[in-house]
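S.K.: One structure is given below, represented as C-alpha cells, and several questions about it will come after.
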Amino acid sequence: MGPVLTACAVSKRFAGRTVLHKLDLDLARGEVRGLLGPNGSGKSTFVKILSGYYQPEPGAAVSVCGQQLRFTRSGHDPARRWMGFVHQDLGLVATATVVESFGVGRYLTGVGGSISWSRERARLQDALARFGAHLPPERTIAELAVTDRAILAIARAFDHLTDQQQGVLVLDEPTAFLPQDGVERVHEAIRTVADHGIGVLLVTHHIGHALSITERITVLRDGQRVLEQPTSTLTAHDVVDAMVASTAGQQPATRRSARTGEVVLRVRELSGVGVHGVSFEVRAGEIVGLTGLMGSGFQRIPYLLFGATQARAGSVSVHGNPMPLAHLTPARAITAGLCLVPGDRARQAAVLDVPAADNITLGNLRRHVRLGLLRQDSVIRHARRLMSQAGVRPLAPDRDLRTFSGGNQQKAVLAKWLDRTPMVLLLEEPVHGVDVASRAQIFARLAALAGTGTAIVLASIDHDDLVAACDTVLVIANGRIAARLHGVTLTAQRMLAACYQTG
Amino acid sequence: MHLSGVARRFGLLAIWALMIALFGVLRPEEFLTTGTASAILSSQAPLLVLALGLLPALTADTLDLSSPATLGVADTLLGELNVVHHWPLWASIAAVFAGGALIGSLNAVFIVGFGVDPIVVTLGTGTLLGGAALGINIVPTAGVSPWLVTFTRYPIFGLQLVFYLALVLALGTWYFASYTPAGRHLFFVGAGPDVARLTGINVARYRSAALVYDGVIASIAGVLLVGTLGSSDPTIGPTYLLPVFASVFLGATTITPGRFNAWGTVAAVYFLTTGVTGLELLGLTGWINQVFYGAALVLAATFSRLATRRQQRADPA
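First to last, the sequence lines map onto chains A and B. For the first sequence, my numbering puts the final residue at 503, and the numbers step up evenly by one. For the second sequence, my numbering puts the final residue at 1317, and the numbers step up evenly by one.
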C-alpha cells in the first residue's frame, strides 16, 4: 500500500523571501511523523499549504490517498476530505457543549433537516469510546480539563475523516499546554488514530514528545529539510544540532562588552500570567535578550515591566527607585523612565492610517503648543528631525504610516520612543517583518543607544539576532529562567538547547 | 490635492447647492425665501448642538444612543421645574445640566467601568430616559420663562442667536480636535486604543470624559430646544435619534472624510434638513421624515465605509 501523503517540491515565498524550499515529504499508512524545526523554519507554512490556507509556488505536487490536491484559491478541494487538522487552539468554542462541538460542520440531520441530537450523542459516545474517553455530552468546553479538550479535538478530526482506514491527520502543537499525564493520554490517542491506518503528522517544538511518540522525525531549517531519520536512531542532541545553523550560531559574536555601568533595572521574583519568579538585572549600556519558545512567557516580561499587563508579584526598581508594581500603568512606567516598543506594529505600536508625524509625536504633544494652539508645523518639523535621525525613508512626515515599508514603519516607531531618551528601553521583536538593511540600521541604533547608558531589554525569537546584539540572553521555559547565557556561552546552539531544556 | 480628493471633501456641499437650486426651481415662491432659510438654520440648531456633542464619544470609539433621550429629559425637566414648580430659570437650567452630567456619568460607569457594550448600555439608558421624560410630565408644557425664549430667538442678521451658539460650539469642537493635545489623544484613543494606552494615555479617562461631555451637551441642546419652541414636550427626544446619527455619520464622509468632524457635521445637519424641508414643500409630508433620515443614515455609513476601503486599497500595505 502506497503512502497516504506524498508532497513533492513544495515551495513558498513571501515578498521575495523563500520560507519553504522544495520540500519533499512522504507519510506512510499508520505512521506517526514528527515535524520539527526552529521558529521560522517553515513548519507552519507547510501545514497551512496542506490545509489550503496558502497556495504553494507552481511546481508543487501533493497527493492524499492517491488524489492530487489542486490548490485552488478558495482552498476548497475534494482531496481534503482525507485530511484532518488539529491546531494548537484546538478549534473549540468555550461556551459550546461537547456534543455541539463534536458534530459541528457535519451534523447528523433527521426529519426536515433538523439535527438529530440523539444520533449525535450516540456517535459521540462511540467515537470517544475508541479513545478510552468518556465526556458528558452536555458539558461545555469551558468545563472540560485541557487534556479532555485535546482528546475531543483529535477524536473529532478523526471522526470527520471521510475514511477511518486511510487518511492524514495533522496535529499542530496539540500538547503545548498540557500537564505531563495529559501528554501521555494524548499520545495514546495519537497511537489509536495511527493504528487505524491514518498517517499522523505531528508538528511540535517539544523534542522529548517527538522522540517518545514518533517513528520518524523530519527537521526543517530555513525552509529546507535538514534531517529525516527513524526516531530510534536519534537523540535529543542530534535533533538540536540539526536545528541550529551549523556555522553561524556556534561561535560567540564579538561585541563591544562595556558592562561597566551601574545597575539600572533590577527585577526580583517577577510573576504574572505565564511568568513565574523571574529575576534579573540590566546595567547601564547593557543589552539583555529574552527568548524562549512561543508561549514560554518570555514575550510577556516587557509588558509586565511596563504595566501594560498586571504583575502578580515581585519588585522592580529603576536606578534604585522601586516602581509600584501593583498599580503600575504605562503612564507611570514612562514617568519612571521606561519605554516599550511593542511587537505588534499594526495594533499596538502605531496607527497606520494616520500620518507618520502624528504617530511619532503622540507621546509628547505639549511641547508643540504655542499660545494655546497645537502647532502642526512644529509637529511636522520635529517628526522630520526624528525620522531623519532614525533613517526613515522617504522623509515624508505627513504621509500615512501605512505607505512606508515595514522596515521604515519600524524605524518610525523606534523614533517615537527614542525621542524621550529612556533609561530603560523594552523591545519586543523590533525587526519582525523588516528588511535586511533596516535590520542592520535598527540594531546599530540600539547599540548606539546602549553606548549612551540606556539599559535595553530585547525579547525575540530570533537567536542569531540575539547573539549578535546582546551582552546577556535569558532563556525562558515555562515562565521561568532556564538559562543565563553570556560571554563564551552566548551561542545560538546553547539558546536552542535551553529552550528545549536538553542542554 | 487630487481632483477626487476635492470631490470627496466638498462633494456634499455641491450636492447641497444642487438640491437648493432644484427645490428653488420647483417651489421658487416658498423655498427660496429668507424666511425658509432662517427657519431651517435656526430651528435645527438644537439638532446641530446635539450632533456636535456626540463627536468626542464617537471619536473615542464609544457610542451614546441615549443622547436624544437625554435631550428629551432635559426639555421636559426644564418645563416641569420652571413652569409647574415655579423654579427660577437659572435654577431650573442648573438642575437640567446637572442631570445631563449625571446621565453621562452613569453611561461611563457601565461602559468604561464595567466594560459593557456601549450599544447595549445606551440603548437601555435611552429607553429608560424616554420613559422617565413621560413620567415627569405626560403632556407638553407651555409658558416657559420668556427670558429663555427671547435669548434663544434673539435676532442677529436675520438669524436667531441659537444658530450662532451652535456655530460657536462647532468652532470649539473643531479647535479641540485640531489644535489641542487632548483632542489628538482622544483621536488616538479611538483609532488605536492599545497604541494610546502604551503611549501612556489614560484611555478610560478620555472615554469617560467624552460620555459625560455628551450628557451635558445633550441637556444644553434640550434647553435650547425649549427656547426655540417656547414649550417643552416629553415625546420629542426619541424623534432626534435618526436625524442626529444620520448627521454625524454623513458628516464623517465630508470635509475630513473618514473622521467624525465638526464642519462635516454642520454641513450634514443642514444638508439633511434642507432635503426634508424641500420634500415637505413638494407635498410629501408625514412619512418623509423617517424615510429620508433612515435612508440617509444607511447611505452615509456605506459611503464612509467605501471611502475608507478605497483609501486602504490605494496604499501599499
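Think of the CB as a built atom: it goes at the ideal place given N, C-alpha and C, for glycine as much as any other residue.
#1: Can you list the residues of chain A that residue 1197 of chain B reaches, using a CB-CB cut of under 8 Å?
#2: Between the C-alpha atoms of residue 1051 of chain B and residue 1194 of chain B, what's the straight-line distance to the nearest angstrom?
#3: Give me the residue from A:2, A:23, A:57 with the minimum Cα distance to residue 16 of chain A.
#4: Does residue 1262 of chain B come within less than 9 Å of chain A when only Cβ atoms are used?
#5: Looking at chain E, is there any beta carbon in it that lies within less than 9 Å of the beta carbon of residue 91 of chain A?
#6: For residue 1147 of chain B, count neighbouring Cβ atoms within 10 angstroms of its own Cβ and tell me buried if that reaches 16, exposed if not.
#7: Could you work out which residues of chain B lie near residue 419 of chain A, taking near to mean beta carbons separated by less than 7 Å?
#8: Looking at the unbroken alpha helix (DSSP H) that takes in residue 479 of chain A, where does it start and where does it end?
#9: Where do the N-terminal and C-terminal ends of the beta strand (DSSP E) with residue 13 of chain A fall, by residue?
#10: Just checking, does the stretch 401 to 414 of chain A make contact with the stretch 340 to 350 of chain A on the three C-beta pairs under 8 Å criterion?
#11: How many Å lie between residue 1219 of chain B and residue 1181 of chain B at the Cα?
#12: Where does the unbroken alpha helix (DSSP H) through residue 198 of chain A begin, and where does it stop?
#13: Pick from B:1026, B:1300, B:1016, B:1007: whose alpha carbon is nearest that of residue 1280 of chain B?
#14: How long is the line joining the alpha carbons of residue 171 of chain A and residue 410 of chain A, rounded to whole angstroms?
#15: Given residue 25 of chain A, which residues of its chain have a CB within under 6 Å of its CB, disregarding the five upstream and five downstream residues?
#16: Extract the residue ranges of the alpha helix (DSSP H) inside the stretch 1071 to 1138 of chain B, only unbroken runs of 4 or more that lie entirely within it.
#17: Report the neighbours of residue 1194 of chain B on chain A: residues whose CB is nearer than 9 Å to its CB, in chain order.
#18: Determine which residues share a DSSP beta bridge with residue 457 of chain A and list them.
#19: According to a CB-to-CB cut-off of less than 9 Å, which residues of the stretch 442 to 463 of chain A neighbour chain B?
#20: Count the CB pairs spanning the stretch 452 to 460 of chain A and the stretch 420 to 440 of chain A that are closer than 8 Å, and state whether there are at least three.
#21: Given residue 162 of chain A, which residues of its chain have a CB within under 8 Å of its CB, disregarding the five upstream and five downstream residues?
#22: Within 8 Å, do at least three Cβ pairs link the stretch 219 to 227 of chain A to the stretch 193 to 202 of chain A?
#23: Looking only at DSSP bridge pairs, what is residue 280 of chain A linked to?
#24: Who are the near neighbours of residue 156 of chain A in its chain, counting only those whose CB is closer than 6 Å to its CB and skipping five residues on each side?
#25: With 9 Å set as the bound, which would you pick, yes or no: does the beta-carbon of residue 368 of chain A sit closer than that to a beta-carbon of chain B?
#26: Are the C-beta of residue 411 of chain A and some C-beta of chain B separated by less than 9 Å?
#27: Going by other Cβ atoms of all chains shown within 10 Å of its Cβ, with 16 needed for buried, is residue 1305 of chain B buried or exposed?
#28: Roughly how many whole angstroms lie between the Cα atoms of residue 1245 of chain B and residue 1155 of chain B?
#29: Using C-beta distances below 6 Å, list every residue in its chain close to residue 1143 of chain B, excluding the 5 sequence neighbours before and after it, in chain order.
#30: Straight-line CA distance for residue 1198 of chain B to residue 331 of chain A?
#31: By how many angstroms is the C-alpha of residue 392 of chain A removed from the C-alpha of residue 41 of chain A?
#32: What's the gap between the Cα of residue 149 of chain A and the Cα of residue 1096 of chain B?
#33: Alpha carbon to alpha carbon, how far is residue 99 of chain A from residue 138 of chain A?
#34: Identify the contact partners of residue 371 of chain A in chain B, using a Cβ-Cβ distance below 9 Å as the criterion.
#35: Considering Cα atoms alone, identify which of A:166, A:480, A:310 is closest to residue 500 of chain A.
#36: Do residue 395 of chain A and residue 168 of chain A have their C-beta atoms within less than 9 Å of each other?
M.R.: The short version:
#1: Here the neighbours are 308, 330.
#2: In a straight line, the C-alpha of residue 1051 of chain B is about 27 Å away from that of residue 1194 of chain B.
#3: For the options A:2, A:23, A:57, the alpha carbon positioned closest to that of residue 16 of chain A is the one of A:57.
#4: Chain A contact via Cβ: absent.
#5: Given the protein chain composition of this structure (A and B), no chain E is represented.
#6: That one is exposed.
#7: Below the 7 Å Cβ cutoff, chain B contributes no neighbours of residue 419 of chain A, its closest Cβ being approximately 11 Å away.
#8: Boundaries for residue 479 of chain A: no alpha helix (DSSP H) harbours it, and the DSSP string shows neither H nor E there.
#9: Per DSSP, residue 13 of chain A belongs to the beta strand (DSSP E) from 5 to 14.
#10: Yes, the stretch 401 to 414 of chain A is in contact with the stretch 340 to 350 of chain A.
#11: Their Cα atoms are separated by approximately 27 Å.
#12: Element bounds for residue 198 of chain A: not the alpha helix (DSSP H) but the beta strand (DSSP E), 198 to 203.
#13: Ranking the options by Cα distance to residue 1280 of chain B, first place goes to B:1026.
#14: Rounded to the nearest whole angstrom, the C-alpha separation of residue 171 of chain A and residue 410 of chain A is 34 Å.
#15: Cβ within range, chain order: 7.
#16: Segments of the alpha helix (DSSP H) lying fully in the stretch 1071 to 1138 of chain B: 1089 to 1108, 1118 to 1136.
#17: By Cβ distance, chain A contributes 308, 342, 344, 347, 348, 349.
#18: Bridge partners of residue 457 of chain A: A:288, A:426.
#19: The stretch 442 to 463 of chain A vs chain B, Cβ under 9 Å: nothing.
#20: Segments in contact, yes.
#21: Excluding residues within five positions, the ones whose Cβ falls inside 8 Å are 81, 82.
#22: These segments do not touch.
#23: Among the bridge pairs identified by DSSP, residue 280 of chain A is matched with A:267.
#24: Sequence-distant partners of residue 156 of chain A (beyond 5 residues in either direction) whose C-beta falls short of 6 Å from its own C-beta, in its chain, are 102.
#25: Yes, because at least one Cβ of chain B sits closer than 9 Å to the Cβ of residue 368 of chain A.
#26: Residue 411 of chain A does not count as touching chain B.
#27: Residue 1305 of chain B is exposed by the Cβ-count criterion.
#28: Going by the C-alpha atoms only, they are around 29 Å apart.
#29: Taken in chain order, the residues that qualify are 1083.
#30: For residue 1198 of chain B and residue 331 of chain A, the distance between alpha carbons rounds to 8 Å.
#31: Going by C-alpha positions, residue 41 of chain A is about 30 Å away from residue 392 of chain A.
#32: Roughly 56 Å between the two C-alpha positions.
#33: Between the C-alpha atoms of residue 99 of chain A and residue 138 of chain A there is a straight-line separation of about 6 Å.
#34: Correct list: empty, because the minimum Cβ distance to chain B is about 10 Å.
#35: Of A:166, A:480, A:310, the smallest CA-CA separation from residue 500 of chain A is found for A:480.
#36: Contact: no.
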